[in-house]
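Position in the sequence shown (from 1) plus 756 gives the number in our numbering. Here a beta-carbon is modelled for each residue, glycine too, at the ideal position from N, C-alpha and C.
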Amino acid sequence: MIKALQQALRQINNWFIANLIVHLKMNQFHYRGLSSGEIEIARPVFGDLIDYAQVKVFNIPYLPWQPVNIFMAPNGNLFVHQKYFSADYSKCSAPLQGIFIHELAHVLQFQQQVHVIFKGAMLQLGYYLSFKTYDPYQYQFEPDKAFSSYNIEQQGDIARDIFFKKIPNIILKK
């Protein structure tokens, strides 16, 4: 009797888990490492400052409320909605490559022990508390100012602008 009950509970559990996986679309979830093309487009911006082998790209949002068009890299990995997930961002449009490079700046920050989640949350809080008048991404480029002196979102946009050759590379500047 007990064995039959245990078996029935296992079957119910298996059924529940299987249906939960389908309902949450977890069966569509996957991740990958960086492609050689992605590393190739990142090196002129970041050199060997990023441990590229550690980076994963996930086809799911990091946050349940993450907008579809927003990429996030709060923990050394990139989280992208399925709509914008790519097998290789080096083969994507220039705007998507720019977003990819911006997010790699957050990977660099994380790998350098910056608390990206906390700092990003504080910047977003400032944005909303200012009724969207404060833009944490806006920066005034100063060639002699250290890259680390800019906030984390400004660093992301600076990395993107370096990638597009709009400004000199201050990330690799000694």
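{"query": "Among Ala-915, Glu-898 and Leu-881, whose alpha-carbon lies nearest the alpha-carbon of Phe-802?", "result": "Ala-915"}
{"query": "Between the segment 814-826 and the segment 839-855, can you find at least three pairs of beta-carbon atoms closer than 8 Å?", "result": "yes"}
{"query": "State the DSSP-derived secondary structure class of Met-757, mapped to helix, strand or coil.", "result": "coil"}
{"query": "When you compare only the Cα positions, how much space is there between Arg-788 and Gly-832?", "result": "13 Å"}
{"query": "Starting from Tyr-787, trace the alpha helix (DSSP H) both ways and give me its first and last residue.", "result": "Careful: Tyr-787 lies outside any alpha helix (DSSP H), inside the beta strand (DSSP E) at 787-789."}
{"query": "Lys-812 by DSSP, collapsed to three states: which one?", "result": "strand"}
{"query": "When the Cα of Gln-810 is compared with those of Glu-909, Ala-877, Gln-853 and Val-863, which residue comes out closest?", "result": "Val-863"}
{"query": "Using the three-state DSSP reduction, which class does Phe-835 fall into: helix, strand or coil?", "result": "strand"}
{"query": "For Tyr-890 and Asp-913, which I take to be in contact (beta-carbon distance under 8 Å), what is that distance rounded to the nearest angstrom?", "result": "Not really, about 15 Å apart at Cβ, beyond 8 Å."}
{"query": "Can you pull the DSSP bridge partners for Met-828?", "result": "Phe-835"}
{"query": "Give me, in chain order, the residues of the same chain whose beta-carbon lies closer than 6 Å to that of Gln-882; leave out the 5 immediate sequence neighbours on both sides.", "result": "One detail in the question is off: residue 882 reads as Gly in this sequence, not Gln. Closer than 6 Å at the Cβ level, and outside the excluded window around Gly-882, lie Tyr-890."}
{"query": "With three or more C-beta pairs closer than 8 Å as the rule, is the segment 794-808 touching the segment 849-857?", "result": "yes"}
{"query": "Pull up the distance between the alpha-carbon of Lys-759 and that of Arg-766, whole angstroms please.", "result": "10 Å"}
{"query": "How many angstroms separate the CA atom of Lys-812 from the CA atom of Gln-910?", "result": "23 Å"}
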